[in-house]
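Peer 1:
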Amino acid sequence: MTTALIIGDLQQGITSNYPFARQVVPPVTDVLSRARAAGVLVVFVHFAFRANGTDVPPDSALLRSFYEAGDAFHEGSPGTEVDLPVADGDVVVLKRRASAFAGTDLDLVLRAAGVNSLVIAGVATSAMVAATCYDAADRGYQVTVLRDGCADGDQAMHDFFMDAVFPSRGFEVVDSTDWNGLDA
């Protein structure tokens with residue numbers, strides 16, 4: 018089984034503006050070194066809209082609010098840069114929706130690498146993490162979620178997904194210290 022570590026939305030504009038996002042940086046940083054040592058493909062996914070907003074649906078209040086929040090979510094701005102160390106062998110994917118798969122080449126990259134198992138970390142649990150997990154399962158990937166490698170602005174929502182939703186969908190939920198990368 019070949020594994021990839023998917024880290025979503027840990028980018029400067031999010032980690033600097035949302036305290037819940039900052040709390041996952043230390044455990045995810047620790048997981049990065051173990052993943053790379055085990056030969057796990059590391060994929061960073063970051064979120065941005067085109068600066069002119071042509072990819073923002075006019076009827077989506079949520080997506081429009083991100084776009085209108087300033088250049089923190091505009092492609093090419095410092096706020097969209099990954100806020101963790103990216104190594105030469107890592108993959109960086111730009112997304113414009115919640116799921117790391119929606120409108121990106123992530124599935125193509127994973128299949129080319131022979132990946133069939135994903136370990137997912139990032140923010141927010143009820144958005145990027147959940148959407149990516151569902152899309153991954155629909156594509157036939159085994160899914161593991163790092164409980165302390167994810168966070169949400171609403172702790173009760175995070176716990177609900179980790180304790181009820183994800184296990185009920187067949188996703189394994191583990192703490193980052195319990196994942197050693199050797200399952201790759």
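In my numbering, the protein residues as written are 18 to 201.
Note that CB positions come from ideal geometry on N, CA and C, so glycine has one too.
So aspartate 107 is in the alpha helix (DSSP H); what residue range does that whole segment cover?
Peer 2: Per DSSP, aspartate 107 belongs to no alpha helix (DSSP H) and is neither H nor E.
Peer 1: In terms of DSSP beta bridges, what is histidine 175 paired with?
Peer 2: DSSP output for histidine 175 lists no bridge partner at all.
Peer 1: Would you kindly report the start and end of the unbroken beta strand (DSSP E) that includes alanine 21?
Peer 2: 20 to 25
Peer 1: What residue does the beta strand (DSSP E) around glycine 187 start on, and which one ends it?
Peer 2: Taken as a continuous stretch (DSSP letters only), glycine 187 belongs to no beta strand (DSSP E), as it is neither H nor E.
Peer 1: When the Cα atoms are used, what is the spatial distance from serine 193 to phenylalanine 178?
Peer 2: 16 Å
Peer 1: Leaving out five residues before and five after alanine 153 in sequence, what residues of the same chain have Cβ atoms less than 6 Å from its Cβ?
Peer 2: Result list for alanine 153: Leu135, Val160, in chain order.
Peer 1: In the DSSP assignment, find the unbroken alpha helix (DSSP H) run with alanine 168 in it and report its ends.
Peer 2: Going by DSSP, alanine 168 is part of no alpha helix (DSSP H) but of the beta strand (DSSP E) stretching over 159 to 168.
Peer 1: Alpha carbon to alpha carbon, how far is valine 146 from serine 116? Give it in angstroms, no decimals.
Peer 2: 7 Å
Peer 1: Along the chain, where does the beta strand (DSSP E) containing valine 146 start, and where does it finish?
Peer 2: No beta strand (DSSP E) holds valine 146; DSSP gives it neither H nor E.
Peer 1: What residue does the alpha helix (DSSP H) around alanine 116 start on, and which one ends it?
Peer 2: The sequence shown places serine at residue 116, rather than the alanine named in the question. Premise fails: serine 116 is in no alpha helix (DSSP H) and is neither H nor E.
Peer 1: Starting from glycine 139, trace the alpha helix (DSSP H) in both directions and tell me its first and last residue.
Peer 2: No alpha helix (DSSP H) holds glycine 139; the beta strand (DSSP E) holding it covers 134 to 140.
Peer 1: Between Ala65, Ser94, Val41, Gly131, which has its C-alpha nearest serine 82's C-alpha?
Peer 2: Ala65
Peer 1: Tell whether a beta-carbon distance below 8 Å holds between isoleucine 137 and leucine 101.
Peer 2: For isoleucine 137 and leucine 101, no; Cβs fall outside 8 Å.
Peer 1: Spell out the partners DSSP gives valine 60 in its beta bridges.
Peer 2: According to DSSP, which records beta bridges pairwise, valine 60 is partnered with Ile23, Val108.
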